[in-house]
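Taken in order, the sequence shown gives residues 1 to 102; the numbers are from the numbering used here. Quick notes on the structure that follows.
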Amino acid sequence: MKNTIRLGTLSLLASLLVVGCAATSGISGDAIAHKTVSSKEIQRIIKKAGEDDGWRMTKFRSNSMIAEKDGVVTTLTYKNATITTDPNNSSLQSTIEDALNH
């Protein structure tokens, strides 16, 4: 009887340990959400990535930049782990997201 209680208690504790570790080890959502990066660092990465891709990058507000290339003007807005372009520019957005994920 004592062995059964011990085995049950050990099984319960092991289960709690496994569940607790599994709940804290995974990262869900956007890949850049797990990075701890300052706003200034995000601005620097975005500006460099855009310029490396041939865009002229100009800071517009504390959380946005204007990107210009070949007569196309796009406003990039970044907040937390989300980057949006207006009008939508999937090429520029992919370039920026790739830079932030590396």
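For glycine and all other residues, C-beta sits at the position ideal for the given N, C-alpha and C.
Beta-carbon proximity of residue 100 to residue 45, cut-off 8 angstroms: Position 100 of the sequence shown holds residue 100. Position 45 of the sequence shown holds residue 45. Yes; because the gap between Cβ atoms is below 8 angstroms, this pair is in contact.
Between the CA atoms of residue 63 and residue 40 - distance to the nearest angstrom: Residue 40 sits at position 40 when you count from the first residue of the sequence shown. Residue 63 sits at position 63 when you count from the first residue of the sequence shown. About 10 angstroms.
beta-carbon residue 58 near the ligand NAP non-hydrogen atom, thresh 7 angstroms: Because no ligand of any kind appears in the structure shown, any question about the ligand NAP cannot be addressed here.
Of the listed residues 60, 54, 80, nearest to residue 71 (C-alpha basis): As a working mapping, residue 71 is identified with position 71 in the sequence shown. Closest option to residue 71, Cα to Cα, is 54.
Cβ shell of residue 87 (< 8 angstroms), same chain only, five flanking positions each side left out: Within the sequence shown, the letter at position 87 stands for residue 87. Contacts found: 74.
First through last residue of the alpha helix (DSSP H) which encompasses residue 90: In the sequence shown, counting from the first residue as 1, residue 90 sits at position 90. Its alpha helix (DSSP H) spans residues 90-101.
Buried versus exposed call for residue 89 [16 or more other C-beta atoms within 10 Å across all chains shown]: Here residue 89 refers to the residue found at position 89 when the sequence shown is read from its first residue. Buried is the call here.
Simplified DSSP assignment, three categories, for residue 86: Taking the sequence shown and counting its residues from 1, the one referred to as residue 86 is at position 86. Of the three classes helix, strand and coil, the one that applies to residue 86 here is strand, per DSSP.
Nearest-angstrom Cα separation, counted from residue 98 out to residue 47: Taking the sequence shown and counting its residues from 1, one reaches residue 47 at position 47. Taking the sequence shown and counting its residues from 1, one reaches residue 98 at position 98. In a straight line, the C-alpha of residue 47 is about 13 angstroms away from that of residue 98.
Classification of residue 58 by the beta-carbon crowding that lies within 10 angstroms, buried from 16 upward: Translated into the one-based positions of the sequence shown, residue 58 becomes position 58. With fewer than 16 other Cβ atoms within 10 Å, it is exposed.
Straight-line gap, residue 51 to residue 94 (C-alpha atoms, nearest Å): Taking the sequence shown and counting its residues from 1, the one referred to as residue 51 is at position 51. Taking the sequence shown and counting its residues from 1, the one referred to as residue 94 is at position 94. Rounded to whole angstroms, residue 51 to residue 94 spans 14 angstroms at the Cα level.
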